[in-house]
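Student: Every number in full-length UniProt numbering is 2 more than the matching position in the sequence shown, counting from 1. From the three backbone atoms N, C-alpha and C, an ideal C-beta is built for every residue, glycine too.
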Amino acid sequence: VASKETLGFQAEVKQLLQLMIHSLYSNKEIFLRELISNASDASDKLRFEGIEHPDWYGDDPDLKIKVSFDKAARTVTISDNGIGMSRDEVISNLGTIARSGTKEFFSKLSGDQQKDAALIGQFGVGFYSAFIVADRITVETRRAGLPAADGVCWESDGSGEFTVESIDRPQRGTSITMYLREGEDDFLSTHKLKSIIRKYSDHISLPIQMNKEEWDADKKEQVIKDELESINQSSALWARSKSEITQEQYDEFYKHLSHDYENPLCHSLNRVEGRSEFTQLLYVPARAPFDLWDRNKRGGIKLYVKRVFIMDEAEQLMPMYLRFVTGVIDSTDLPLNVSREILQESRDVKIIRESSTKRVLSMLEDLANSDDEAKKEKYRTFWTQFGQVLKEGVGEDQANQDRILKLLRFASTQTDSADQTVSLAEYVSRMKEGQDKIYYVTGDTFNAAKNSPHLEIFRKKGVEVLLLSDRVDEWMLSFFTEFDGKHMTSVAKGGLDLGNLSDEKEKKEHEETEKNFKDLIDRMKAALEDKVKDVRVTFRLTDSPACLVSDENELSGNLLRMLKAAGQ
Ligand code: ADP
Ligand code: MG
3 VASKETLGFQ AEVKQLLQLM IHSLYSNKEI FLRELISNAS DASDKLRFEG IEHPDWYGDD
63 PDLKIKVSFD KAARTVTISD NGIGMSRDEV ISNLGTIARS GTKEFFSKLS GDQQKDAALI
123 GQFGVGFYSA FIVADRITVE TRRAGLPAAD GVCWESDGSG EFTVESIDRP QRGTSITMYL
183 REGEDDFLST HKLKSIIRKY SDHISLPIQM NKEEWDADKK EQVIKDELES INQSSALWAR
243 SKSEITQEQY DEFYKHLSHD YENPLCHSLN RVEGRSEFTQ LLYVPARAPF DLWDRNKRGG
303 IKLYVKRVFI MDEAEQLMPM YLRFVTGVID STDLPLNVSR EILQESRDVK IIRESSTKRV
363 LSMLEDLANS DDEAKKEKYR TFWTQFGQVL KEGVGEDQAN QDRILKLLRF ASTQTDSADQ
423 TVSLAEYVSR MKEGQDKIYY VTGDTFNAAK NSPHLEIFRK KGVEVLLLSD RVDEWMLSFF
483 TEFDGKHMTS VAKGGLDLGN LSDEKEKKEH EETEKNFKDL IDRMKAALED KVKDVRVTFR
543 LTDSPACLVS DENELSGNLL RMLKAAGQ
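1) Between the C-alpha atoms of residue 52 and residue 259, what's the straight-line distance to the nearest angstrom?
2) Output the distance between the C-alpha atoms of residue 267 and residue 326, rounded to the nearest integer angstrom.
3) Flag this pair as yes or no: are the beta carbons of residue 427 and residue 408 separated by less than 8 Å?
4) Does the ligand ADP have a heavy atom nearer than 7 Å to the CB of residue 129?
5) Would you mind working out which of 8, 519, 176, 238 sits nearest residue 44, comparing C-alpha positions?
6) Would you kindly work out how many angstroms separate the C-alpha atoms of residue 534 and residue 527, rounded to a whole number?
7) In angstroms with no decimal places, state the Cα-to-Cα distance between residue 310 and residue 147.
8) In whole angstroms, what separates the C-alpha of residue 486 from that of residue 288?
9) Please report the distance separating the alpha-carbon of residue 204 from that of residue 198.
10) By DSSP, does residue 166 sit in helix, in strand, or in coil?
11) For the 8 Å Cβ check, are there 3 or more pairs between the region 458-472 and the region 407-425?
12) Can you list, in chain order, the residues of its chain with a C-beta nearer than 6 Å to that of residue 42? Leave out the 5 residues immediately preceding and following it.
13) Quick one: which unbroken beta strand (DSSP E) runs of 3-plus residues sit fully inside the region 233-277? Chain order, please.
14) Between 173, 81, 353, 256, which lies nearest to residue 335 when the distance is taken from Cα to Cα?
15) DSSP three-state label for residue 350, please.
16) Return the residue from the list 317, 483, 338, 18 that minimises the CA-CA distance to residue 162.
17) Taking only the alpha-carbon atoms, compute the straight-line gap between residue 208 and residue 323 and give it to the nearest angstrom.
18) Measuring CA to CA, which of 153, 144, 80 is closest to residue 129?
19) Name the DSSP bridge partner or partners of residue 440?
20) Select from 400, 488, 437, 433 the residue whose C-alpha is nearest the C-alpha of residue 478.
21) Helix, strand or coil: which one does DSSP assign to residue 336?
22) Quick check: the Cα distance between residue 75 and residue 364, rounded to an integer number of angstroms?
23) Between which residues of its own chain and residue 47 is the CB-CB distance below 8 Å, once the five residues before and five after are set aside?
24) From 157, 317, 251, 430, pick the residue whose C-alpha is nearest to that of residue 202; which is it?
25) For residue 539, count neighbouring C-beta atoms within 10 Å of its own C-beta (all shown protein chains included) and say buried if the count is 16 or more, exposed if not.
26) Assuming residue 278 and residue 350 form a contact by the criterion Cβ under 8 Å, report the distance between their Cβ atoms to the nearest whole angstrom.
27) Which same chain residues, not among the five before or five after residue 2, have their C-beta less than 8 Å away from its C-beta?
28) What is the DSSP secondary structure of residue 280, reduced to helix, strand or coil?
29) What is the DSSP secondary structure of residue 295, reduced to helix, strand or coil?
30) When every heavy atom of the ligand MG is checked, does at least one fall within less than 7 Å of the C-beta of residue 39?
31) Apart from the five residues just before and just after residue 483, which ones in its own chain have a Cβ nearer than 7 Å to its Cβ?
32) DSSP three-state call for residue 161: helix, strand or coil?
33) Mark residue 134 as exposed unless 16 or more other C-beta atoms lie within 10 angstroms of its C-beta, in which case mark it buried.
34) Check whether the Cβ of residue 140 sits closer than 7 Å to any heavy atom of the ligand ADP, and report yes or no.
35) Indicate the three-state DSSP secondary structure (helix, strand or coil) for residue 1 in the structure shown.
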């Protein structure tokens with residue numbers, strides 16, 4: 003490889019840089035959080051890879067992050083002694099955006115700065131956010147385990163190209179120097195940097211150090227000493243006692259884990275002892291990530307074993323239908339060299355997954371059943387964002403089905419609004435005298451369901467019907483047939499029996515009518531022959547002349563359409 007080469011950023015990076023500098027300017031101090039977050043990730047990686055390569059620590063075993071500044075040069079530098087990067091890693095990590103949601107992210111940009119700024123937050127801006135305050139950045143790095151001669155220097159002004167050059171770098175890890183833009187001198191201050199670090203990065207589990215600054219009585223000014231001090235607590239957040247953790251710290255830790263810029267809806271921290279020992283810190287986000295429907299997405303749980311980071315997206319620790327949950331599980335029992343394959347079979351993992359599932363359901367119940375307006379609102383937010391995913395649980399997690407059913411929310415003829423707000427329990431509490439079934443109608447869209455001719459008789463009689471139009475609804479309904487002893491009944495199925503809802507007089511009238519129409523019905527049956535199974539007189543319509551129904555034991559029209567679309 004030539005020692006120095008100039009390379010172009012991937013097109014998306016250029017676009018991202020432009021967007022970021024403009025839309026995140028009002029929140030520019032977040033660059034520090036991003037760089038510290040990366041330094042912390044790099045240390046986690048070294049701890050993990052170091053299990054097999056203890057020699058990589060050399061004479062520098064204490065992992066830490068250092069933040070410093072140079073007033074004269076107008077630079078801020080963040081250094082770590084974590085895993086570092088090889089030349090190839092530098093080129094791919096700091097020249098492209100590798101994260102999976104990238105394409106979708108760019109397709110969602112609207113050009114409206116405020117909206118895009120929110121999107122960018124959701125996407126997680128990472129390293130490139132340093133260009134908000136810097137017009138030149140150099141990264142010096144050396145990967146753990148490689149010789150000093152394999153150091154790399156990356157440099158860019160953020161406009162379209164970057165250079166990489168081989169350097170000699172005796173120390174392992176990464177040092178990032180930002181040359182501040184005109185007018186950003188605020189950051190050249192111990193006080194300012196300290197306060198940003200305390201605000202955003204206090205949960206980081208390794209020491210973040212700065213040079214001490216003290217009043218010098220002789221010089222009559224503040225002077226910066228060689229001596230270092232730690233400015234965070236530097237213990238894993240989930241290992242601290244609950245009473246010592248503030249809401250802000252929980253929230254910031256969530257943002258560090260998830261790349262989300264919005265606060266989560268709720269969290270739950272527990273230490274579990276007994277057959278299996280572990281700590282779980284779980285969050286429910288306020289917003290669905292881009293890749294919620296991506297089949298390759300494996301969930302948001304980070305696995306630690308005795309404080310050592312083991313893996314991201316440990317999908318075995320949470321069922322699929324709770325894949326939106328973000329958090330940390332720290333196990334005492336699992337071996338440090340645990341692999342995804344081992345996780346699949348582990349008994350400890352099964353215990354952890356069951357316990358975590360219950361925790362999440364409790365968190366959701368706490369929001370859903372609360373009398374507190376703020377919590378109720380949170381549950382509505384949750385349902386809009388993740389309701390469709392939670393519905394998968396009805397089929398996937400039969401053991402917890404009862405709890406999940408109580409968490410479901412539907413649109414219904416009660417409000418005729420597309421907002422899904424009605425619980426099954428609420429429906430039951432409003433049932434008419436003599437009604438013994440829960441009625442629903444399904445449709446491809448909310449409007450199709452709402453305008454179904456099958457609803458006419460129900461509207462006339464004032465009987466509430468649930469309006470189902472999410473893709474997963476039909477599938478979900480194949481897994482539960484009743485709630486609270488009330489049968490789930492489609493209004494579109496044949497032989498609709500309104501049971502005790504019709505009175506004796508009505509029943510007589512109906513029998514009369516059926517007799518009178520027998521001739522007509524027979525002629526229609528003959529005419530339609532094998533196009534239909536049966537022709538019947540119906541009392542379920544009030545405005546429409548006729549409607550198609552499916553047999554009690556048959557797939558519904560909507561499910562048939564879905565299966566056809568899926569090529570079955
Ligand atoms: P993310 O952290 O979400 O992956 P970033 O833009 O923050 O995205 O960082 C991009 C990548 O650059 C990281 O995934 C990592 O591989 C690499 N990187 C950034 N900073 C460091 C660092 N201090 N040490 C080692 N690798 C780093
Ligand atoms: Mg990052």
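Tutor: The structure says:
1) When rounded, the distance between both Cα atoms is 22 Å.
2) Spanning the two alpha carbons is a distance of roughly 12 Å.
3) Yes, the Cβ-Cβ distance between residue 427 and residue 408 is below 8 Å.
4) Residue 129: yes, Cβ under 7 Å from the ligand ADP.
5) The shortest Cα separation from residue 44 among 8, 519, 176, 238 belongs to 176.
6) Straight-line measurement puts the Cα of residue 527 at about 8 Å from the Cα of residue 534.
7) Going by the C-alpha atoms only, they are around 19 Å apart.
8) Their backbone Cα atoms lie some 30 Å apart in a straight line.
9) In a straight line, the C-alpha of residue 204 is about 10 Å away from that of residue 198.
10) Correct three-state label for residue 166: strand.
11) Taking one beta carbon from each stretch, the region 458-472 and the region 407-425 have 3 or more pairs nearer than 8 Å; the two touch.
12) Only 206 meet the Cβ criterion.
13) Counting whole runs of 3 or more residues, the region 233-277 contains the beta strand (DSSP E) stretches 268-274.
14) In terms of CA proximity to residue 335, 353 leads the group 173, 81, 353, 256.
15) Helix.
16) Here the closest residue by C-alpha is 18.
17) Going by the C-alpha atoms only, they are around 33 Å apart.
18) Ranking 153, 144, 80 by Cα distance to residue 129 puts 80 first.
19) BP columns for residue 440 point to 490.
20) Checking every option, the nearest Cα to that of residue 478 belongs to 400.
21) Residue 336 carries a coil assignment under DSSP once its states are collapsed to helix, strand and coil.
22) It is roughly 54 Å from the alpha-carbon of residue 75 to the alpha-carbon of residue 364.
23) Taking C-beta separations shorter than 8 Å and ignoring five residues to either side along the sequence, the partners of residue 47 in its chain run 84, 85, 311, following chain order.
24) Cα-wise, what sits closest to residue 202 is 251.
25) With fewer than 16 other Cβ atoms from the protein chains shown falling within 10 Å of its own Cβ, residue 539 counts as exposed.
26) With a Cβ gap of about 5 Å, residue 278 and residue 350 count as contacting.
27) Residue 2 lies beyond the residue range present for the chain, which begins at 3 and ends at 570; the question has no answer from this structure.
28) Secondary structure of residue 280 (DSSP, three-state): strand.
29) In this structure, residue 295 counts as coil in the three-state DSSP scheme.
30) Answer for residue 39: yes, Cβ within range of the ligand MG.
31) The beta carbon of residue 483 sits closer than 7 Å to the beta carbons of 489, 490 from its chain, once the five residues preceding and following it are set aside; these are given in chain order.
32) DSSP places residue 161 outside both helix and strand once states are collapsed to three, so it counts as coil.
33) Around the C-beta of residue 134, 16 or more other C-beta atoms lie within 10 Å, and the residue is accordingly described as buried.
34) Checking every heavy atom of the ligand ADP against the Cβ of residue 140, none is found closer than 7 Å.
35) The displayed coordinates of the chain run from 3 to 570. Any statement about residue 1 would go beyond what the structure contains.
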